[in-house]
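Just so we're aligned: the sequence shown equals residues 1 to 513 in full-length UniProt numbering.
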Amino acid sequence: MQSLVDFLNGIIWSPVLIYLCLGAGLFYSIVTRFVQVRHFFEMWRLLLSGKSSSKGISSFQALAVSLSGRVGTGNIAGVAAAIGFGGPGAVFWMWVVAFFGAATAYAESTLAQIYKEEDNGEFRGGPAYYIEKAMGQKWYAWVFAIATIFACGFLLPGVQSNSIGNAVEAAFGPGEMIETALGTFSFAKILTGTVISIILAFIIFGGVKRIANFTQVVVPFMALAYVITAFVIILLNIGEVPRIIAMIVGDAFTPMAGVGAAIGWGVKRGVYSNEAGQGTGPHAAAAASVDHPAQQGLVQSFSIYIDTLLVCSATAFMILITGAYNVHGAEGFLVQNISAEIAANGPVFTQMAIESALPGVGKPFIAVALFFFAFTTILAYYYIAETNIAYIRRSFKVNGLMFVLKVALIAVVFYGTVKTANLAWAMGDVGVGLMAWLNIVGILIIFFMSKPAIKALQDYEEQQKQGVTDYTFNPVKLGISGATYWEEKYKRKTGQDPQTEEKQTTVVEQPSL
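So, in C-alpha cells, the structure goes:
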C-alpha cells in the first residue's frame, strides 16, 4: 500500500503542480492588483460585521468553518514535516504560498458565492458548481465532485485522526498493546479513535448549522491559545529571533536539503495547510449570507493569513528556536538535534519544542490542541464531501448516499487513528494533489472565459467609491450568466428585474428601501 501511494504522489506532486500552485497565486495577485494587500482593512471590517440568515451562515461562521479545514494537523505536524524534509528554508516557501495563495483564495471563494444554490433550506456551492456554470463543462464538474468525495471522505480525514492518536500516545503513553483483526495497536490509540468517532457521529448527524456553531466557538479559542503559547516561548528566547529569521531566509535560497526539497516541501505543506487553490475553502464560502460575492472572497483571503502567517509561523518559530528538529537528506541526517527515532511526519517536534521551554506542558498541551485542530478539520472535510454529494444528487438521485458517507467517514477516522503516520500523510497528499490540479486549472480557464471573480471585485470597488452602505450584486449587468440565486436576490431586494436594468443603465445603483 505504501509503495503504491508513494508512486501516485510522485506523479501528482510533480514540479508542474508546484509551479501551478505558485503561478496561479502570482497570476491572480497581478490581475486583482494584489487584492490581498489593498483590501486588508476591508477584510477586517467584513469579518466583524457579517450576519447569518435562516438559509446561510455569517461571514465569521463561514470563516470559522473554512479555518477549521485550513487550521489543522498541517499547522503542527505539517510544519514539522516541511522542516524535517525541506529544511528551515521550507518555511519561507510556505510564506510565499500563503501570500500569493490569498489572491487564489479570493478568486475561488468569490466564484463559489456567485454560482451558489439553495438546497433544502441551506446554501450549497463550491468548485463543482462554478465549473459547471462558468465553464459549461458538467463532466469536469462531476470529475471534481467525485475526486473531492473520495479525498475528503476517505483520504484526508485519516491524516487528522492519526495525528491526534500519535499526540495522545506521546503525551500519556501507549498503554497495553491489543491485538485486533486490523493489527496490533496501543490501547491509547484505540480509545482515542473510539472517542473521536462517537463525538463525530453526534455532530455530523446535526447538519451544517451544528458544524458552524461548533467551529465558530472552538476554532478562534484553539488558535488563540496556541498562538499565545508560541508567543510566550518566543519571548523567552527573544534574542534568537533575528538568527531564526536569517536562517529561514538564507536556507530558502541556499537550502541544505536542496532547492527542490525546500521549495517542494514548502509548497506541498503550505497548500496542505492553508488549502489555497485546493478547492476546499469555497464550499464554506458559498454557505455564507452576504450582500455581495466579493465580500466573502475577501474574508476567505484573510483566512490564509491566519492559517499560515500566524499559526504555521508560530509552530515554525517554536521548533527552530528550541532546536527540536532533524533535517533528513537523501543519504542520512543533514541536521540531527534530537533522537533519530522521532518521525518528522508527526506532532512530536512541536511537543518537544514546547516541553523544552515549558517542562511538563508541551506533550499534553499539543495533544489537546491537536485534538481540536484536527477534529474541526475532520468536520470541514465531512461538510465538503456532503456538499459534493448534494451536487451529484441534483441530477442523479440515489437514496442513502449521505448516510453511507457518514458511516464511512466514521470508520475511516477510527482506522486513521491507529495506522502509521507515513501512510496517512501519503494518502492525504494524494487527495490534496488531485483536488488542487482540478480546481486550479478550472479557475484559470474560467478567468480566460469570462473573468467573473474580477468583474465582481470591480463592481464591489465601484460601489465602495460611490459610498454605498447596502451593497447589491446584479450579475446580468456585469455579463455574468448562470448566477441564478443572485439574479433572484437582486430582484427581491430592489424590486427591479436585473435584465431590465442591464438594458437601461450601466451605473451601479443603491438599492431601493
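C-beta atoms are modelled at their ideal positions from N, C-alpha and C, and glycine is treated no differently.
Computed from a prediction, not measured in an experiment: that's the story for all the values here.
Buried or exposed: which applies to residue i, given that a residue is buried once 16 or more other Cβ atoms fall within 10 Å of its Cβ?
i	result
Arg243	exposed
Val79	buried
Trp44	exposed
Gln2	exposed
Ser339	exposed
Asp459	buried
Pro475	buried
Gln466	exposed
Arg124	buried
Asn120	exposed
Gln464	exposed
Pro359	exposed
Trp13	buried
Phe185	buried
Thr194	exposed
Pro255	buried
Gln336	exposed
Ser53	Low per-residue confidence applies at Ser53: pLDDT is 47, beneath 50, and the placement is therefore not dependable enough to give any value.
Met435	buried
Gly266	buried
Gly139	The displayed chain sequence assigns Trp, not Gly, to residue 139. With fewer than 16 Cβ atoms within 10 Å of its Cβ, Trp139 is classed as exposed.
Met449	exposed
Ile18	buried
Val5	buried
Have a look at the DSSP bridge pairing and note the partners of residue i.
i	result
Phe123	Glu118
Met177	Ser186
Alpha carbons only, please: which of the options is nearest the one belonging to residue i?
i	options	result
Gly86	Val227, Ser303, Ala102, Asp251	Asp251
Pro347	Gly10, Asn162, Leu48	Asn162
residue 565	Ala103, Ala287, Gly428	Because the chain spans 1 through 513 in this model, residue 565 falls outside it and cannot be assessed.
Ile149	Ala181, Phe187, Pro127	Pro127
Lys268	Lys406, Ala324, Leu22, Leu4	Leu22
Thr350	Met435, Phe27, Leu17, Ala171	Ala171
Ser29	Val327, Glu108, Ile228	Glu108
Ile384	Gly281, Val37, Ala369	Gly281
Leu191	Gly165, Tyr115, Gly183	Gly165
Asp291	Gln113, Ala24, Arg38	Gln113
Gln137	Glu487, Gly482, Phe375, Pro293	Gly482
Ile321	Val232, Asn422, Tyr382, Phe302	Val232
Leu156	Arg492, Thr494, Ala456, Ala411	Ala411
Ser273	Leu478, Thr377, Thr387, Met177	Thr377
Ala353	Ile234, Met222, Lys189	Ile234
Glu117	Tyr391, Gly431, Lys406	Tyr391
Ser303	Asn399, Ala103, Arg38, Leu401	Ala103
Val143	Lys455, Ala246, Trp437	Trp437
Glu487	Asp6, Val430, Asn422, Pro293	Pro293
Glu42	Phe375, Ala408, Gln296	Gln296
Thr110	Ala288, Gly264, Glu341	Ala288
Ala151	Thr315, Met222, Gly270, Val430	Val430
Using the Cα positions of residue i and residue j, report the straight-line distance between them to the nearest angstrom.
i	j	result
Phe473	Tyr490	6 Å
residue 527	Glu240	The chain is shown from 1 up to 513; residue 527 falls before or after that span and cannot be answered.
Asn75	Glu179	32 Å
Tyr106	Ala453	8 Å
Ile83	Ala141	36 Å
Thr308	Lys133	31 Å
Leu370	Gln160	9 Å
Gly362	Ala324	12 Å
Leu20	Ile440	8 Å
Leu8	Phe414	24 Å
Gln278	Ala77	19 Å
Arg394	Tyr485	16 Å
Leu224	Leu310	10 Å
Ala357	Leu26	38 Å
Ala285	Phe253	35 Å
Ala426	Phe333	21 Å
Lys55	His283	Note on Lys55: pLDDT 48, under 50, position unreliable in the model; the coordinate value appears next. The alpha-carbon atoms of Lys55 and His283 are separated by roughly 15 Å.
Phe168	Phe365	Checking the sequence, you will find Val at residue 168 rather than Phe. In a straight line, the C-alpha of Val168 is about 10 Å away from that of Phe365.
Lys397	Glu386	14 Å
Thr229	Gly479	50 Å
Leu46	Leu457	14 Å
Ile245	Gly329	22 Å
Val407	Phe375	16 Å
Counting contacts by CB-CB distance shorter than 7 Å, is residue i in contact with chain C?
i	result
Phe221	In the structure shown, chain C does not exist; there is a single protein chain.
### Query
In chain order, which continuous runs of the alpha helix (DSSP H) of length 4 or greater are located wholly inside the segment 301-369?
313-322, 348-357
### Message
Which runs of the alpha helix (DSSP H) at least 4 residues long sit entirely within the segment 399-427? Give them in chain order.
### Response
401-418
#### Entry: Minimum length 4: unbroken alpha helix (DSSP H) runs contained in the segment 229-277
241-253, 259-274
### Task
Could you tell me which uninterrupted alpha helix (DSSP H) segments, each at least 4 residues in length, are contained entirely in the segment 427-468, listed from first to last along the chain?
452-465
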